[in-house]
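In my numbering, the protein residues as written are 7 to 125.
Yeah, the Cβ is synthetic: ideal placement off N, Cα and C, and Gly gets one too.
Since we're looking at a predicted model, the values are computed, not measured.
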Amino acid sequence: MRYNYSDINKYKHIQQSALVFLQRHYVRHIGNDQILFCNTVNYLISSYSLSRAIAEKLTSHAYNELKIAHERRRLDLSASSDTLAIITDSDSHMTWAVPVAVIAGNVIDALGNSQLKFV
């Protein structure tokens, strides 16, 4: 299939929309990437009237971007404490100080993340 320039720009925009959706819903689906992937595909289909094949392809590209971004972020154990997690991004050289209580409240105690409690 051949795409013209406007199609490519449209698909880049939709892929960016998929990435934003993935980022927004990532925490709710930690440990179950398949549900997150399927929800993103369904979001693209309903929002942009795409075929399932195109929605899956764009979601796949966006998911790859998400994973690359997350792999750059690392927990700095030497700078962290028992109540504060220090996260660094090797690409942007940004550093975030995240209280462990915030992580617990938004990840561990969040509704739908009961599978994390048994690890």
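It is roughly 19 Å from the alpha-carbon of Arg78 to the alpha-carbon of Gln22. Ala68 carries a helical assignment under DSSP once its states are collapsed to helix, strand and coil.
The Cβ atoms of Ile20 and Leu42 do not sit closer than 8 Å to each other.
His35 and Gly111 have their C-alpha atoms some 15 Å from each other. Between the alpha carbons of Gly37 and Ala24 lies a distance of about 19 Å.
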